[in-house]
Structure formats: C-alpha cells, structure tokens
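Below: the structure, in structure tokens.
Residue numbers (the working numbering): 753 to 1964.
Below you can see the structure in the form of structure tokens.
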C-alpha cells in the first residue's frame, strides 16, 4: 500500500496488519489441508483425518467473527475516508480475503464430504475384500484336499464330478472377487489423489491368488480328462498289443520251425528268405517296444489305484503274462537269428557279430560324450537325466545280446578243434593249417576282448555320468530352492518398501513413528542378508571345471544381489531422509518457523542454529526479523518522550504487545519452564531448546487467544528479541537465568510476584541470596533497557552500585532474604525503575479520567493523568506531559501527581489539601526538600569495584555496540558525579540530561544575556567547551597521578625499612601473596602493603575510567558539531532533540543518556507528600555563556522559543 495513503489514513495500518495476519493464516491453512493425504482403505487413518478436518473447520468457524470484524472495520474506513485509492485498496483486499475464506471453507466442506464417502466406500471394499478372502481360503482348502488322480473309472468319474462341482462354486465365488475388484477400482478411480497403494496391493494379491486357483482347476480338469482317456484307451491298447503279440509269437514259431528243418540251412536262397522274414519280425518287435513300455508303465499306475481289489489281481496277471510273452518273443527272435547265421561259416558269423557290437558300442560312447557337459540350470539337467535314463534302458536291452555273443565266441574258441578250423578256413597257400587256426582264434579272441572292454567301459562311463547328473540335480535343486526362498522374501520386502509414502507426504508428527518402523524393518532384514550370502555361496560352488551355471541362473543370482543392494540402499536412504526430515521438520526443528516471514524474505539458519533472514529482492541478509525491524523503527516514534523511564517503559510495552507476552501469565510461563526441565539457571540453552520452550508457551497462548497469537511469528520474534538482548554476538546460546528473566519481566503478572519469582531463581536452597547471585539477576535485568539504548539512564550496565545499595539497605548482611529484597525493590531502585513504570504504563492504557487537559483540551484524559499540586484544577494528559508542553502560568518544575487509574473522592480531597499547603510554600522549601521517585545508587566511582557477571554467553571479545554503551554509561556516571563542578546550585543527587540542559540554558540565555560576548562561529563554541572539559579532566588526572606517586614513595619507604631490619625483601605489589606472618610487625607491614596495593589498583581503575570519559567527551563534541551543522528544522522536536532510532543495536554516544526523576510519581495505591520535588533554580554560568553564544550564532532560533519558557526534563 502506498505510504501516502497510509499517512492520509493512519487507521489503515491496523487494518493492513489484521488483514495480512488473517490472509497469512488462511494461506497457511490452505497449504496444510491440501498437502494432507489419507491412506485409502485404512478406516483408522480416514477417521483420524475426518476428526482433524472437523477441528480445522471448527477453528475456521471460530475465526469467522474476526473476518466479520475485519469487514466491518473496512466498511467503516471506507465511510470515513474520501481517498478513492484507499477505498479501492480496501475493497480489493476485502474481496480477496472473502474469496480466500470461501475457497478454504468450500474446500474443507468438500473434503469432509469426500472423506465421508471414502469412509463409506472403504468400508464396503473391506467387507467385499473380506468375503473374497474367505472364498479364496475355501478354494485353497479345497485344492489342498484333492487326492492324487486314481486310474479307475469309478474314481475318475467321482473326481471329475467333484471337480465340476468345484468349478461351479468357483463361478459363484467369482462374483465376490468381481465385487471386490469393482469396489477397488472405484476407490482407485475416485480417490487417486490420496494414497491408494494399500488398495492396489491387496487387489493385486487377491487377483493373483484367484488366477492361481483357476489355473490349478484347469490343470486338474485336463489331468482328469487325460487319465480317463488313458484308462479307456489302456485296455483297448492292451488287447490290441496282446493280439499283435499272439501274431508275432505265431510268426516267430513258424520261423523257428523253418530254421530247424533239415537241409534248410544248406539252401542259401531259403536262408536269405528266412533272414528277411526274421528282419521283418524284428522290425515289428522294435516298433512295439515303446508301446510295451507305455502299457507296462500305465498298467503299474492302474495297479496302484486298484490296490487290494480283484481287478488289480486280474490286471497284474495280464501284465505279468504280457511281460513274459514279450521276453520269450525277444529270445525266440535272437535264437532264430543265431540259427540262421549259423548257416554260414561260424567264424565269419561271430566275426561279423563282434564287429557290429563294436560299432554299436562306439556309437553309444559317442552319444554319451555328446551329453556332456552338465547343464547349468535345473531344467537342462532334468532333461539330461531323462535322456540318460533312456540311454541306460538301451544298454539294459542290449546287454543280453552282448553276453550271448561273448559266450558264443568263448564256446567256439574252446570247442572247435584246429582241424575244424582249418576245414572251415580257406587254405592259404602261404600259411600252414596251424597258423591259420591260430590266427582265426586270435582274431576272434581279440574282438571279444575289445567288446567286453568297451562294454565295461561304457557301463562305467554311464554310471559316472549318472552320478554327476544326480549330484548336479541335488545341488541345483538346493540353489533353486534357496533362490526361490530369497526371491519370495525380497518380494515381500519390496512390497513393504513399495508401501512407503514419499517423505514429503508424511505428517510431521508421524516422522518419528515411520523412522522407528523403518529401523525395525531394517532389523528384520538381517536374516535376509544371511540368505543372500547362502545363495552366493551355493552359486560359487559351481566352478567351470565342474559345473558352469547357465546364463539364466547367473542372471537370477545377479538380479537377487542387485535387488538386495537396492533394498539396502533404499532402506538407508529412507532412514537418512526421515532423519533429515525429522531434523528439518520434526518437533525439534525450526521448519514451522519458515512461515513467520513472507516474500521476498526467507528464513535461513546458520551452522549454530541461529536464524537469519534473506531479502531476495535486495539480496541482503540481516539478523533481525523483518517484523522486528519494523517494530524497532516504530519505537523511534517514542523518542520524543522526554523522561527516559517512561520512554523505556513505553517501548517495552509496545515490544511486549508485539511479542504477545502481555497475554502470558506467570503460572503458564512457569509450567512451560518446568515442562522443559529448565531448573539449572547457570546452564546454557541452545537455539532449539529456546524454540521448544517458546513453542510450548505460544501454543498454550494460541489455545487461549486463538485470534491474537500467530505461533511461528511470535516464537521467531521472541527468539530474535532474546538474542538481541542476551546474545548480541549470535553464538546461539544464552543462560537459563537470562531466558527466565527476559520472559518473566515482560509477562502478565503482579509486580511483586515477578520480584519473588526472580529472587527465587537466584536464591540458594535456604532462601537466601548473596551479592554474586543478586549481581547475576540485576545484570540480566539491566540488559533489557540496555538493548533499547536506555541503560545509561538507569545507572549504566555496571550493577555493582545497585548490589551494594541493596545490601546496605539490609544493613550489610552477607545474605539477604526475599522480604528484604522486596522491600528494597518497592523503593524502585534506579537500575530497576523501568519495570514498575512498565506496569504503570500497562495499567494506564485503558484508564479514562473524567478531566480535561489544560494544554491540548483532551477530555476525557486517556492514559496517565498528571494533576498539579500547585494550582487548583490543573491537569495534563500524558502526551503533553511527556513532550514537555506547559500552559501559561504553570512551570514544569511545579509539583505534580501522577494517576494511572481514575481517582477516587478521597484522593481528590487529599490533593486539594496538598495544593493548599503548596500555595503557602516558597521555592526555597522545595529546594531544601527534593525528593526522587526512585532510589538513587552510587556511581561506579564510589566504593570498591565488584566483578560484573559476563554477558550471556561470555563472548571472546566485546562488540562495538557494547563498547559504545560502556562509554555512554561511564559518561552518565561521570556527569552525575561531576555535576557540582558545572553548577553549584545543582544537588549532587540530581542527574541532568545534557541535551535538555543545553537547550534549557540556551532558552534562558535568550532573555538574560547580552549578545556582545557571543562567539562568532560554532567553532568557537566547540573550542570553549572542549577547553573547559579538558581542563577539568587534566586537573583530575594530575591529582590522581600525584596520589599515585605518593603511594609509590610510601611503598618504597616501607620496603627499605623492611630490608633494614634484615627481613627478606618484599615482593612487588602485583606479586604479593598472603603468607603466614613471622611476627606482629611483619603482619602489619604485609597488611599495609596489601591495602596500598588495593588502593593503587582502585586509583588505576578510576584513572582508566577518566580516560574513557575523555574519549567519550571527544565523541560528544563531534556530535555537537554535527548538530550545529544540521538544518535548524531538524534540531528540535517538541522541545527535545531526537535521538537515534536504532534500537536493534545499543545506543552510542550519539544518543545522550538521561537519568530521570518522575515528577510527583505515584500509583493509585500510594502517594504522599514525599513525592513533591523541587528542581534547581539556577544554572551554570559557563553553560549560560555557551547558550548566549549559541543564541548569537543562530539568531533565527529565537523565533521558535518565543515564549521563552525554560524547557527542562521533569525529574523522578
């Protein structure tokens, strides 16, 4: 909003503030409710969200009066102002906030309705899911009850009937599954913006289980049909095979009879025909071999189904008969062949037979070698096992032939004589008969040995290969089972991981619960790690020389390891994200404070957790919150209040309201402190501890004052203020005592209750407090006005005089009790007078006095009322009194009485009597009976020094503002002490603000002094002032140096006297340590030396203070030069000079310290004649001359002070 509009319509500032607060709250509420996601299908989660939405809606409705008040205020502003721009802005803002309110309210209503519908739909889905799971369990139980397929007609029909009944039930149960799927699809479709993963996972699981059941049913149905067909076909095939077997047997018998007829073998043609017939027979036998094995295998299955029945016995007989007849047929075929082959030369027949066997053995050996190597996966090895079983079956079938051939060769070699051999063999012309017989025998024997060797070798290789296959099968089955189990566990773990919501979607309050769940989940994964190692170990056992795992198995193992690593990384990353989220957004984080600022500002956190603020528009950073900066700037408006106690109190009151601490009761503050166990007052608090405690405080205030407290803003502002007061170096730590002092000082409580609580914090367990502990309390208390730049007016930051004053009040007891402390505080000591004044300011805010201000004519008077005790019926409002305005005939130094509450009739009568008394009193009486409204304390130059507690926390070096404040306080103390040097008529107990005193003397000099002696330029004024001040300081320094020389001479004399007596030389004063005296004289000398050393140290300390004072005076002179060079219009405002508005930093010498005395100060409870005071009547001659010179140098100033009234600050 333009500043010109704000200046023209001041009430717009309050409207803008209220509008901005409500807008920010609505925006924050809108973001919060739109970011909330609910787990669809989880009734508890949905109900919790409904409760939260209801609470938010109630909260919104509770703020409806605030909106109505804002709209009403806007209408009033529009009616009161004629500024069209202001009216347009007000209208736009009201429309905007009304639209924003309606949008948030509408969303809450629709969301609430949606949640109700979601609850209803989720309930229906859960019911449908439960029914679907029930039918799934029934179906699984039915599947488990299925028996192995029986190969009997009755059993197969019964099983088929049961399967059809089950299929019918499946079709009925399909309705339940479809209903659950339809409800799930509705949830997934209608509530896709929320978390639907639970519904999706459960639906997928149900559908997968249902699909597996349907697959099992189809497989069972196919198996039953196949078994029934096999059973029906078995007997037909058996009869057919037996019929063929009969035919084959008949053919074999005919062939056998034909081969055994006489002279048949001698007919070559007949032999060839018979051999051809035998080959046809053998071909049929080979063709029916598989049929025989199939019938035998199926027959064994049927026998197992018919076990114990007559059919089983009958079938067994038929199978045995079939096997017997099959074996006889094969034997007959072999005999026929042997007999037919015997028709040729026997040695040639044997030789040919052995060559065929050797060729077959070689073929099988090559076939066996081709089966290698062992496969790398279970299906391949199982296939190899099936192939080798067939191979072994062929070996078993061939074994009789080989045995028969070898036996025939053995008999032939043993029984045939050499002559027969010679007869059989053609007679070679070059070999003798013995040699030919020997060669034939040797040839057949060698071939037989080769056949035997190859046969044995083939059998050994087959057995070894089978052993390898069995070993590989066992190992691969173990690996496959381990991989399947690991895969199942990984899928379960991945399913749980898949149910994780993004960390950004989690509620802040649930972060810790999710973190604990993930940690438990990680612990549950430990056994899974062992399974991964087991799978890897099993896989590593398959080495290439032995078994090379297939690429499929290697890929599976690698995939399992990758999934495990991904799962581990996901869990670690999840924990890391949750930790970071819990750190950044959890209860111990500062995330919720980010909403305390609006664009272009951003809240950032330094490494030590101290917040700072970034302005992205100007690309600058600062320690102070933007609202705090605005607050500090607004405090500059109070600098025209002449009396520093009231100025400080009014600044603190404005600060107290901005921090909402005026709503905080002492009991609530104590509860929050106890809740966070803040009992060790010397312990430091870090930023998070401060934030947590402040959050507890403001959360409770928000519950009590919902429309007034913005928790993030208040926490951030209060933290900012506490750091400005007690941690200017931004170390991130303050003491617990400092925190308590700051919060309790500004809370809403009775003044004496605050005193009791603060005293209790520094008192020992016995209830007594010594000087050190009291110093800690006063030091932390004085930091509050110090931060506002007002500490010099309250005795400076050195609290030793105040501590000494308190214990002097208690008759110098070593410890004081609470009652004495309260009595001393009731006197309103100078260092703490700002606190009771703050309470009076707070009490006077709503006070309405039925009187009229004699200056501005305000009626009734709101706030403080000041009644003159010199004139009848003369009242001044607080604005006129604080600005120093007076009416004709009334002087500022006249006695007055202050009221912060409406007066009673008794007080009116009492004041009337006082006015009568004062009418008869002279100015000399008031001069002899000056009274202060506070208890003055000695300055630092009086009495011994006392160790001042370090600021909280102890900094490694003083910051610039601390040094400036230190110099300012020293200057105030020096001015108080040396006031008598400037004006003999000023009481030593009075303190004068240099700026106001300068103006006072200047105004008086306008009518009293001649302009003849005025200097010609401002430089002459400065030279005059500087020479006077420097002369005074040089004189004091010279006195101190002379005293130091005298002390050194005295010390040297005592040292020589000590040495003259033959004693050991005395150590130098800084090195002197207490020792046990050897004699009374020695004790005297040591004590005297100690006193001298202490006195010397005290003098050196005072000298250092004077040197600091000298430097401060130089800075004062520099400021005076600047004031003289400024335009005259800026020199004064309302009769007083403006001080620096910088309140976030300590006020330096550019803002003069003021020690105030409240005029006639009293509360509504006590006020007496002692409150009357009299100001000094005369001023310093030297200062009058300076004012005269200023008057002649700036003659135009006379017009501004035409009345010539002396402007001075009232003293308290």
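Yeah, the Cβ is synthetic: ideal placement off N, Cα and C, and Gly gets one too.
Is it the case that the Cβ atoms of residue i and residue j are separated by a distance below 8 Å?
i            : j            : result
residue 1420 : residue 1452 : yes
residue 911  : residue 919  : no
residue 1476 : residue 1539 : yes
residue 870  : residue 798  : yes
residue 1026 : residue 1081 : no
residue 1252 : residue 1284 : no
residue 1195 : residue 1045 : no
residue 810  : residue 863  : no
residue 942  : residue 791  : no
residue 784  : residue 1462 : no
residue 1565 : residue 1654 : no
residue 1267 : residue 1334 : yes
residue 1792 : residue 1841 : no
residue 979  : residue 908  : yes
residue 1844 : residue 1799 : yes
residue 1382 : residue 1368 : no
residue 1563 : residue 814  : no
residue 1620 : residue 1581 : no
residue 1242 : residue 1129 : no
residue 1319 : residue 1245 : yes
Would you grab the beta carbon distance between residue i and residue j for me? Rounded to a whole angstrom, and I think it's under 8 Å.
i            : j            : result
residue 1217 : residue 1120 : 6 Å
residue 1207 : residue 1163 : About 18 Å; that fails the 8 Å criterion.
residue 1478 : residue 1494 : 7 Å
residue 715  : residue 1466 : Absent from the model: residue 715. The displayed extent of the chain is 753 to 1964, so no value can be given.
residue 1107 : residue 1221 : The pair is not a contact, with the Cβ atoms about 32 Å apart (cut-off 8 Å).
residue 1116 : residue 1210 : 6 Å
residue 1637 : residue 1613 : In fact, because the Cβ distance is near 14 Å, the residues do not count as touching under 8 Å.
residue 1391 : residue 1635 : About 11 Å separates the two Cβ atoms, so there is no contact after all.
residue 1626 : residue 1650 : Not really, about 14 Å apart at Cβ, beyond 8 Å.
residue 860  : residue 808  : 6 Å
residue 1388 : residue 1589 : At roughly 20 Å, the Cβ-Cβ gap does not stay under 8 Å, so residue 1388 and residue 1589 are not in contact.
residue 1490 : residue 1532 : 5 Å
residue 1514 : residue 1546 : With 8 Å as the limit, residue 1514 and residue 1546 do not qualify as a contact, their Cβ atoms being about 19 Å apart.
residue 1543 : residue 1551 : The Cβ separation is near 10 Å, so there is no contact.
residue 1652 : residue 1592 : 5 Å
In terms of DSSP beta bridges, what is residue i paired with?
i            : result
residue 1601 : 1613
residue 794  : BP columns for residue 794 are empty, so no partner.
residue 1373 : 1366
residue 1520 : 1569
residue 1504 : Partner(s): none; residue 1504 has no beta bridge.
residue 947  : 791
residue 1487 : 1436
Quick test of the definition: if touching needs 3 or more C-beta pairs under 8 Å, does the region 1271 to 1287 touch the region 1332 to 1351? By the Cβ criterion, the region 1271 to 1287 is not in contact with the region 1332 to 1351, since fewer than three pairs of Cβ atoms, one from each stretch, lie closer than 8 Å.
The region 1360 to 1369 in contact with the region 1471 to 1487 per 3-pair CB rule at 8 Å: Three or more Cβ pairs drawn from the region 1360 to 1369 and the region 1471 to 1487 lie within less than 8 Å of each other, which places the two stretches in contact.
Residue ranges of each alpha helix (DSSP H) within the region 1532 to 1602, 4 or longer: With a minimum length of 4 residues, the continuous alpha helix (DSSP H) runs that stay inside the region 1532 to 1602 are 1552 to 1561, 1570 to 1578, 1586 to 1596.
What ranges does the alpha helix (DSSP H) occupy inside the region 1027 to 1062, keeping only unbroken runs of at least 4 residues that lie completely in it? If only uninterrupted alpha helix (DSSP H) runs of at least 4 residues are considered, those enclosed by the region 1027 to 1062 are 1041 to 1057.
Evaluate the contact criterion for the region 1400 to 1409 versus the region 1423 to 1433: three or more CB pairs, one atom per stretch, below 8 Å. No, the region 1400 to 1409 does not touch the region 1423 to 1433.
Ignoring anything shorter than 4 residues or poking outside the region 833 to 897, list the alpha helix (DSSP H) runs there in chain order. Entirely contained in the region 833 to 897, the alpha helix (DSSP H) runs reaching 4 residues are, in chain order, 836 to 897.
Count the CB pairs spanning the region 848 to 855 and the region 815 to 833 that are closer than 8 Å, and state whether there are at least three. These segments touch.
The region 879 to 887 / the region 928 to 943 touching (three or more Cβ pairs under 8 Å): Contact between the region 879 to 887 and the region 928 to 943 is present, because at least three Cβ pairs lie under 8 Å.
Any alpha helix (DSSP H) of 4 or more consecutive residues that is wholly inside the region 1614 to 1670: Qualifying alpha helix (DSSP H) stretches, in chain order: 1630 to 1635.
With contact counted as at least three CB pairs below 8 Å, one residue from each stretch, are the region 1369 to 1386 and the region 1295 to 1304 in contact? The region 1369 to 1386, when compared against the region 1295 to 1304, does not touch it at the 8 Å Cβ threshold.
Does the region 975 to 991 come into contact with the region 953 to 963, if we say contact requires no fewer than three beta-carbon pairs (one atom in each stretch) closer than 8 Å? Touching, no, given that fewer than three Cβ pairs across the two stretches are closer than 8 Å.
Across the region 1030 to 1039 and the region 993 to 1010, are there enough close Cβ pairs to call them in contact, namely three or more that are closer than 8 Å? Using a C-beta cut-off of 8 Å, the region 1030 to 1039 makes contact with the region 993 to 1010, since at least three inter-stretch Cβ pairs fall below that distance.
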